[in-house]
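**Q**
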Amino acid sequence: MEEKTWKNPTIAWIDRRMPVFTMMHHDLVDYPTPRNLNYWWNFGSLAGIALTIMIVSGIVLAMNYVPHVDHAFESVERIMRDVNYGWLMRYLHMNGASFFFIVVYIHIFRGLYYGSYKPPRELLWMIGVIILLAMMATAFMGYVLPWGQMSFWGAKVITNLFSAIPLVGESIVTWLWGGFAVDQPTLNRFFSLHYLLPFVIFGLVFLHLVALHTSKSNNPLGIDVKGPQDTIPFTPYYTIKDAFGLGVFLIAYLGFVFFAPDFFGEPDNYIKANPMQTPPHIVPEWYFLPFYAILRAMTFEIWFITAKLGGVILMFGSVLILLALPWLDRSPVRSGRFRPIFKIFFWLFVVDCVLLGMVGARPPEGVWVMIGQAATAFYFAFFIIILPLLSVLERPRPLPASINTAVTRSGAGAPAMGAAE
Amino acid sequence: MSMFVRAFVVATAVVLGPVVIGPTAHASEAPQPPAQNWSFDGFFGTFDRASAHRGFTVYKQICSSCHAMELVAYRNLADLGFSAEQITAIAEAGEVEDGPNDEGDMFMRPAMAADRFVSPFPNEQASRAANNGAYPPDLSLITKARLGGANYIYAVLTGYKEEPPHGVELMPGMYYNEYFAGHQIAMAPPLADGAVDFEDGTEATVSQMAHDVTTFLAWTAEPRMEERKRLGVKVLLFLIVFTGLLYALKRKIWQDVH
Numbered sequence: 001m002e003e004k005t006w007k008n009p010t011i012a013w014i015d016r017r018m019p020v021f022t023m024m025h026h027d028l029v030d031y032p033t034p035r036n037l038n039y040w041w042n043f044g045s046l047a048g049i050a051l052t053i054m055i056v057s058g059i060v061l062a063m064n065y066v067p068h069v070d071h072a073f074e075s076v077e078r079i080m081r082d083v084n085y086g087w088l089m090r091y092l093h094m095n096g097a098s099f100f101f102i103v104v105y106i107h108i109f110r111g112l113y114y115g116s117y118k119p120p121r122e123l124l125w126m127i128g129v130i131i132l133l134a135m136m137a138t139a140f141m142g143y144v145l146p147w148g149q150m151s152f153w154g155a156k157v158i159t160n161l162f163s164a165i166p167l168v169g170e171s172i173v174t175w176l177w178g179g180f181a182v183d184q185p186t187l188n189r190f191f192s193l194h195y196l197l198p199f200v201i202f203g204l205v206f207l208h209l210v211a212l213h214t215s216k217s218n219n220p221l222g223i224d225v226k227g228p229q230d231t232i233p234f235t236p237y238y239t240i241k242d243a244f245g246l247g248v249f250l251i252a253y254l255g256f257v258f259f260a261p262d263f264f265g266e267p268d269n270y271i272k273a274n275p276m277q278t279p280p281h282i283v284p285e286w287y288f289l290p291f292y293a294i295l296r297a298m299t300f301e302i303w304f305i306t307a308k309l310g311g312v313i314l315m316f317g318s319v320l321i322l323l324a325l326p327w328l329d330r331s332p333v334r335s336g337r338f339r340p341i342f343k344i345f346f347w348l349f350v351v352d353c354v355l356l357g358m359v360g361a362r363p364p365e366g367v368w369v370m371i372g373q374a375a376t377a378f379y380f381a382f383f384i385i386i387l388p389l390l391s392v393l394e395r396p397r398p399l400p401a402s403i404n405t406a407v408t409r410s411g412a413g414a415p416a417m418g419a420a421e
Numbered sequence: 001m002s003m004f005v006r007a008f009v010v011a012t013a014v015v016l017g018p019v020v021i022g023p024t025a026h027a028s029e030a031p032q033p034p035a036q037n038w039s040f041d042g043f044f045g046t047f048d049r050a051s052a053h054r055g056f057t058v059y060k061q062i063c064s065s066c067h068a069m070e071l072v073a074y075r076n077l078a079d080l081g082f083s084a085e086q087i088t089a090i091a092e093a094g095e096v097e098d099g100p101n102d103e104g105d106m107f108m109r110p111a112m113a114a115d116r117f118v119s120p121f122p123n124e125q126a127s128r129a130a131n132n133g134a135y136p137p138d139l140s141l142i143t144k145a146r147l148g149g150a151n152y153i154y155a156v157l158t159g160y161k162e163e164p165p166h167g168v169e170l171m172p173g174m175y176y177n178e179y180f181a182g183h184q185i186a187m188a189p190p191l192a193d194g195a196v197d198f199e200d201g202t203e204a205t206v207s208q209m210a211h212d213v214t215t216f217l218a219w220t221a222e223p224r225m226e227e228r229k230r231l232g233v234k235v236l237l238f239l240i241v242f243t244g245l246l247y248a249l250k251r252k253i254w255q256d257v258h
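Order-wise, the sequence lines are chains Z and U.
Following my numbering, the numbering of the first sequence begins with 1 at its first residue and continues without gaps.
Following my numbering, the numbering of the second sequence begins with 1 at its first residue and continues without gaps.
Dropping the structure here:
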């Protein structure tokens with residue numbers, strides 16, 4: 001690393017003893033970034049910003065929220081009505097959850113398409129999967145806090161899943177609840193954990209970035225950086241590109257916050273939780289719908305595995321299988337641009353996830369049960385059968401010689417580039 | 001734009017699709033409530049004050065005899081333009097328990113501006129006992145707590161049919177309503193032409209009263225809506241201009257790279 005000299009004497013004094021400014025300069029300014037990143041690469045920094053917005057708005061909300069079964073619902077409404085700009089903080093947080101998931105899902109699909117999970121980025125990818133799991137836990141527990149009908153019944157349905165575990169299931173559920181029903185102890189601990197987990201995610205994001213800055217960014221061509229001609233410094237090029245992307249993101253996000261704040265929500269959650277009255281249709285928030293569909297796809301038992309336990313295994317498996325992705329897809333070519341058959345299956349997989357979401361939103365009746373089962377089968381087949389087979393059977397297109405030759409004017413007309421688009 | 005981009009845009013639209021389409025599948029048993037023209041709709045929507053005032057009259061004289069509204073305080077009526085004297089007069093009509101006093105006794109006193117709307121029944125059991133076993137829900141958030149929102153509330157208030165269609169057997173004490181899920185509703189038709197006298201001389205037809213009380217209920221559900229939209233317009237206008245500038249800057253900075 002080249003020694004950076006600081007003009008400001010205070011900064012120089014600190015930096016000599018603790019080189020935080022040199023580190024920041026190294027990772028945020030000089031950081032060599034492939035020159036060909038497209039806008040799909042904006043979603044990583046957007047996810048970091050979404051996390052920050054969630055933590056800040058959440059801390060403010062926690063100053064006014066009361067984690068008590070008799071007061072939680074009313075305290076949220078007090079935030080909406082009597083706290084200065086409370087409505088804004090609440091809507092930012094509520095819609096922020098949806099937009100955090102939108103951004104992260106796009107970020108994950110981008111990684112999938114361009115093979116960002118392949119060597120040397122396996123650990124980077126796996127930390128990302130752990131972040132997704134932590135996000136899901138955080139979102140689930142946060143949704144319980146307003147103590148509306150869907151909060152309560154969602155908590156009940158999801159915690160009850162653990163009762164499917166043989167022998168110890170019932171005890172685990174009692175342990176999770178802190179009693180024999182979803183009640184005050186449950187709400188209290190969910191609040192505690194909902195406040196804790198975002199900081200765990202923050203730490204995981206830091207590890208994600210350490211891993212990223214070690215192996216460096218992948219790029220749309222999926223080929224390695226061959227030298228300085230292939231990269232540009234992060235600042236000013238990607239700081240301005242990310243800033244522009246942030247502007248577009250904020251227009252969409254705040255558009256919902258200010259003009260359709262309840263678009264992503266369920267009307268039932270504006271009814272206070274009533275343990276004596278089950279809502280006609282218990283549905284999770286939209287970002288859990290595909291997993292909910294996978295959970296309900298198991299309608300039959302296999303040997304000693306009950307339908308419920310099978311559904312739970314499949315649901316957790318659908319996320320955990322992502323951890324094994326670097327070893328399921330062994331194709332040496334990263335980018336989907338050069339993998340004609342993978343490209344088709346990638347889009348089928350995207351459609352499959354959307355289809356699972358549609359199934360999850362509906363009551364498990366009639367033809368939707370079958371569709372849900374077929375879509376679940378394809379979901380797992382994509383990872384367990386299709387990707388390993390393609391690693392062997394597919395003939396990738398020839399890769400360009402370097403990023404520079406493929407994307408700059410001097411290199412335009414290189415045959416591989418024409419084939420890619 | 002590459003095929004990737006286009007396909008992804010389509011995919012995102014489809015992802016968001018089920019959020020909109022999903023719930024309508026549940027409500028298939030009752031028809032979709034027709035969309036009404038609301039003063040609070042749209043980017044610049046505000047609560048029509050005259051309509052909300054009339055709606056408060058309807059709520060006060062009809063709805064509040066069975067339905068509670070525990071999240072709204074009398075002082076909130078100032079948002080709709082009620083004067084301090086009017087609010088005090090409205091509040092004093094209700095009684096709340098207070099205390100203990102210096103002797104240690106609880107006592108009843110007239111409600112004040114700072115109190116929440118006084119509920120017609122002390123608890124759910126009392127409410128059910130007086131209403132044939134049915135529980136009239138709290139109305140504070142009702143337009144947010146029902147699919148279809150204000151349109152649904154209006155549709156239910158105006159959706160009663162004197163005779164159920166052929167072949168539909170009503171349970172005792174139930175009424176037929178076109179828009180209520182399952183069509184059997186325990187609430188008797190609450191509105192009848194001329195049921196209230198409006199101070200401003202507006203004719204109190206069923207549809208007029210339903211429209212006005214729904215406007216009032218939309219306000220109780222989200223009294224900060226006007227503030228939200230006002231701020232939103234400013235924020236979005238700023239962001240659109242600022243993002244445009246960022247884009248121009250991005251083009252400028254990147255021109256030597258391409």
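Idealized CB from N, CA, C, for every residue including glycine.
(1) Identify, in the order they occur along the chain, each residue of the same chain with its Cβ nearer than 7 Å to the Cβ of Z:Ser318, setting aside the five sequence neighbours on each side.
(2) Looking at chain U, which residues of the stretch 241 to 263 of chain Z have a Cβ within less than 7 Å of any of its Cβ atoms?
(3) Is U:Gln32 helix, strand or coil by DSSP?
(4) Hey, quick one: how far does the alpha helix (DSSP H) through U:Phe107 stretch, first residue to last?
(5) From the DSSP output, in three-state form, read off U:Glu199 for me.
(6) With DSSP as the reference, label U:Asn177 as helix, strand or coil.
(7) Quick one, are the C-beta atoms of U:Arg54 and U:Asp212 less than 8 Å apart?
(8) CA-CA distance, Z:Pro332 and Z:Arg110?
(9) Ignoring anything shorter than 4 residues, give me the alpha helix (DSSP H) runs that lie fully in the stretch 375 to 405 of chain Z, in order along the chain.
(10) Quick check: the Cα distance between U:Gln36 and U:Cys63, rounded to an integer number of angstroms?
(11) Going along the chain, which residues of the stretch 28 to 44 of chain Z sit with their C-beta nearer than 9 Å to a C-beta in chain A?
(12) Is U:Ala114 near U:Ala89, with beta carbons less than 8 Å apart?
(13) Would DSSP call U:Thr46 helix, strand or coil?
(14) Within the same chain, show all residues whose beta-carbon is closer than 6 Å to that of Z:Leu325, passing over the 5 residues directly before and after it, in chain order.
(15) Applying a beta-carbon distance threshold of less than 8 Å, which residues of chain U neighbour Z:Pro236?
(16) Write down the C-beta distance between Z:Asp15 and Z:Phe21 rounded to the nearest angstrom, noting that I regard them as a contact closer than 8 Å.
(17) Starting from Z:Met80, find everything on chain U with Cβ-Cβ shorter than 8 Å and list it in chain order.
(18) For the stretch 219 to 228 of chain Z against the stretch 332 to 343 of chain Z, are there 3 or more C-beta pairs whose distance is under 8 Å?
(19) How big is the Cα-Cα spacing for U:Arg224 and Z:Ser75?
(20) Is the CB of U:Leu237 under 8 Å away from at least one CB in chain Z?
(21) Is the Cβ-Cβ distance between Z:Ile127 and Z:His208 less than 8 Å?
(22) Just to confirm, are Z:Trp153 and Z:Thr231 a CB contact at a threshold of 8 Å?
(23) Which chain U residues sit within Cβ distance under 8 Å of Z:Trp147?
(24) Taking just the CA atoms, how far does U:Pro122 sit from U:Leu71?
(25) Any beta carbon from chain Z within less than 8 Å of U:Ala145's own beta carbon?
(26) Check whether chain U comes within 8 Å of Z:Ile232, counting only Cβ atoms and requiring the distance to be less than that.
(27) Based on Cα-Cα distance, which residue from Z:Pro267, Z:Ala97 and Z:Thr10 lies nearest to U:Gly148?
(28) Mark U:Thr143 as exposed unless 16 or more other C-beta atoms lie within 10 angstroms of its C-beta, in which case mark it buried.
(29) Quick one: does U:Phe242 have its CB under 8 Å from some CB of chain Z?
(30) List, in chain order, every chain Z residue whose beta-carbon is nearer than 8 Å to that of U:Phe43.
(31) What do you get for U:Pro165, buried or exposed, if any count of 16 or more other CB atoms within 10 angstroms of its CB means buried?
(32) Whole alpha helix (DSSP H) runs in the stretch 127 to 189 of chain U with 4 or more residues, listed along the chain?
(33) Provide the residue span of the alpha helix (DSSP H) that contains Z:Pro236, from first to last.
(34) Taking Z:Pro326 as part of the beta strand (DSSP E), name the residues at either end of that continuous run.
(35) Please specify which runs of the alpha helix (DSSP H), each continuous and at least 4 residues long, are wholly inside the stretch 256 to 322 of chain Z, giving them in chain order.
(36) So, is the C-beta of Z:Pro267 closer than 8 Å to a C-beta in chain U?
**A** With the given structure in hand:
(1) Counting from one through the first sequence, the residue named residue 318 of chain Z turns up at place 318. Within the same chain, Cβ atoms closer than 7 Å to the Cβ of Z:Ser318 are found at Phe291, Ile294 and Tyr379, the five residues on either side in sequence being excluded.
(2) Listed by position, the residues of the stretch 241 to 263 of chain Z near chain U (Cβ gap below 7 Å) are Lys241, Ala243, Phe244, Gly247, Val248, Leu250, Ile251, Leu254, Gly255, Phe258, Phe259 and Asp262.
(3) Residue numbering aside, residue 32 of chain U sits at position 32 when the second sequence is read from its first letter. DSSP places U:Gln32 in coil when its eight states are reduced to three.
(4) Position 107 of the second sequence, counted from the start, is the residue given in the question as residue 107 of chain U. Run containing U:Phe107: none in the alpha helix (DSSP H); it sits in the beta strand (DSSP E), Phe107 to Pro110.
(5) As a first step, residue 199 of chain U must be located in the second sequence, where it is residue number 199. In the structure shown, U:Glu199 sits in coil (DSSP, three-state: anything other than H, G, I, E or B).
(6) One-based indexing of the second sequence puts residue 177 of chain U at position 177. Strand.
(7) What you label residue 54 of chain U is simply residue 54 of the second sequence in a count that begins at 1. What you label residue 212 of chain U is simply residue 212 of the second sequence in a count that begins at 1. Result yes, Cβ atoms of U:Arg54 and U:Asp212 sit closer than 8 Å.
(8) Counting from 1 along the first sequence, the entry for residue 332 of chain Z is found at position 332. Counting from 1 along the first sequence, the entry for residue 110 of chain Z is found at position 110. Distance between the alpha carbons of Z:Pro332 and Z:Arg110: 18 Å.
(9) Listed in chain order, they are 387 to 393.
(10) As a working note, residue 36 of chain U is residue 36 in the second sequence. As a working note, residue 63 of chain U is residue 63 in the second sequence. Looking at the two C-alpha atoms, the distance is approximately 21 Å.
(11) Any reference to chain A falls outside this structure, whose protein chains are Z and U.
(12) For the purposes of this step, residue 114 of chain U is identified with residue 114 of the second sequence, where counting begins at 1. For the purposes of this step, residue 89 of chain U is identified with residue 89 of the second sequence, where counting begins at 1. In this structure, U:Ala114 lies away from U:Ala89, with their beta-carbon atoms at least 8 Å apart.
(13) Mapped onto the second sequence, residue 46 of chain U falls at position 46. Coil.
(14) Taking the first residue of the first sequence as position 1, residue 325 of chain Z is located at position 325. Cβ-Cβ distances below 6 Å link Z:Leu325 to Tyr117 in the same chain, with the five nearest sequence neighbours on each side left out; the list follows chain order.
(15) Residue mapping note: residue 236 of chain Z aligns to position 236 of the first sequence, counting from 1. In chain order: Ile253.
(16) Taking the first sequence and counting its residues from 1, one reaches residue 15 of chain Z at position 15. Taking the first sequence and counting its residues from 1, one reaches residue 21 of chain Z at position 21. Contact between Z:Asp15 and Z:Phe21 holds, with the beta-carbon distance rounding to 5 Å and staying under 8 Å.
(17) Translated into positions along the first sequence, residue 80 of chain Z becomes position 80. Ordered by position in chain U, the residues that pass the 8 Å Cβ test against Z:Met80 are Glu222 and Arg224.
(18) The stretch 219 to 228 of chain Z, when compared against the stretch 332 to 343 of chain Z, does touch it at the 8 Å Cβ threshold.
(19) Along the second sequence, read from residue 1 onward, the residue named residue 224 of chain U stands at position 224. Along the first sequence, read from residue 1 onward, the residue named residue 75 of chain Z stands at position 75. Straight across, the Cα-Cα distance linking U:Arg224 with Z:Ser75 is about 16 Å.
(20) Within the second sequence, the letter at position 237 stands for residue 237 of chain U. No - not a single Cβ of chain Z is within 8 Å of the one on U:Leu237.
(21) Counting from one through the first sequence, the residue named residue 127 of chain Z turns up at place 127. Counting from one through the first sequence, the residue named residue 208 of chain Z turns up at place 208. By the CB criterion at 8 Å, Z:Ile127 and Z:His208 fall inside the cutoff.
(22) Along the first sequence, read from residue 1 onward, the residue named residue 153 of chain Z stands at position 153. Along the first sequence, read from residue 1 onward, the residue named residue 231 of chain Z stands at position 231. Not in contact: Z:Trp153 and Z:Thr231 (Cβ atoms no closer than 8 Å).
(23) Here residue 147 of chain Z corresponds to residue number 147 of the first sequence, with the count starting at 1. Residues of chain U with a Cβ closer than 8 Å to the Cβ of Z:Trp147 do not exist; the shortest Cβ-Cβ separation is about 13 Å.
(24) Stepping through the second sequence from its first residue, residue 71 of chain U is reached at position 71. Stepping through the second sequence from its first residue, residue 122 of chain U is reached at position 122. Taking C-alpha positions only, U:Leu71 is separated from U:Pro122 by approximately 15 Å.
(25) The residue labelled residue 145 of chain U in the question sits at position 145 within the second sequence. Cβ-Cβ to chain Z under 8 Å: yes for U:Ala145.
(26) To locate residue 232 of chain Z, count along the first sequence from 1; it is residue 232. By this cut-off, Z:Ile232 is an interface position.
(27) Start at 1 with the first residue of the second sequence, and residue 148 of chain U comes out as number 148. Residue Z:Pro267 is the option with its Cα nearest to U:Gly148.
(28) Residue 143 of chain U sits at position 143 when you count from the first residue of the second sequence. That one is buried.
(29) In the second sequence, residue 242 of chain U corresponds to position 242, counting from 1. For U:Phe242, a Cβ of chain Z is located within less than 8 Å of the residue's own Cβ.
(30) Within the second sequence, residue 43 of chain U is the residue found at index 43, counting from 1. By Cβ distance, chain Z contributes Phe259.
(31) Taking the first residue of the second sequence as 1, we reach residue 165 of chain U at position 165. Around the beta carbon of U:Pro165, a 10 Å sphere encloses fewer than 16 other beta carbons of the protein chains shown; the residue is thus reported as exposed.
(32) Taking only runs of at least 4 residues, the alpha helix (DSSP H) segments lying wholly in the stretch 127 to 189 of chain U are 149 to 158.
(33) Counted from its first residue, the first sequence places residue 236 of chain Z at position 236. Counting along the chain, the alpha helix (DSSP H) containing Z:Pro236 begins and ends at Phe234 to Phe259.
(34) For the purposes of this step, residue 326 of chain Z is identified with residue 326 of the first sequence, where counting begins at 1. Here Z:Pro326 belongs to no beta strand (DSSP E); instead the alpha helix (DSSP H) covers Leu325 to Leu328.
(35) The stretch 256 to 322 of chain Z contains, as complete alpha helix (DSSP H) runs of 4+ residues, the segments 289 to 297 and 307 to 320 (chain order).
(36) Here the question's residue 267 of chain Z lines up with position 267 in the first sequence. At least one chain U Cβ lies under 8 Å of Z:Pro267.
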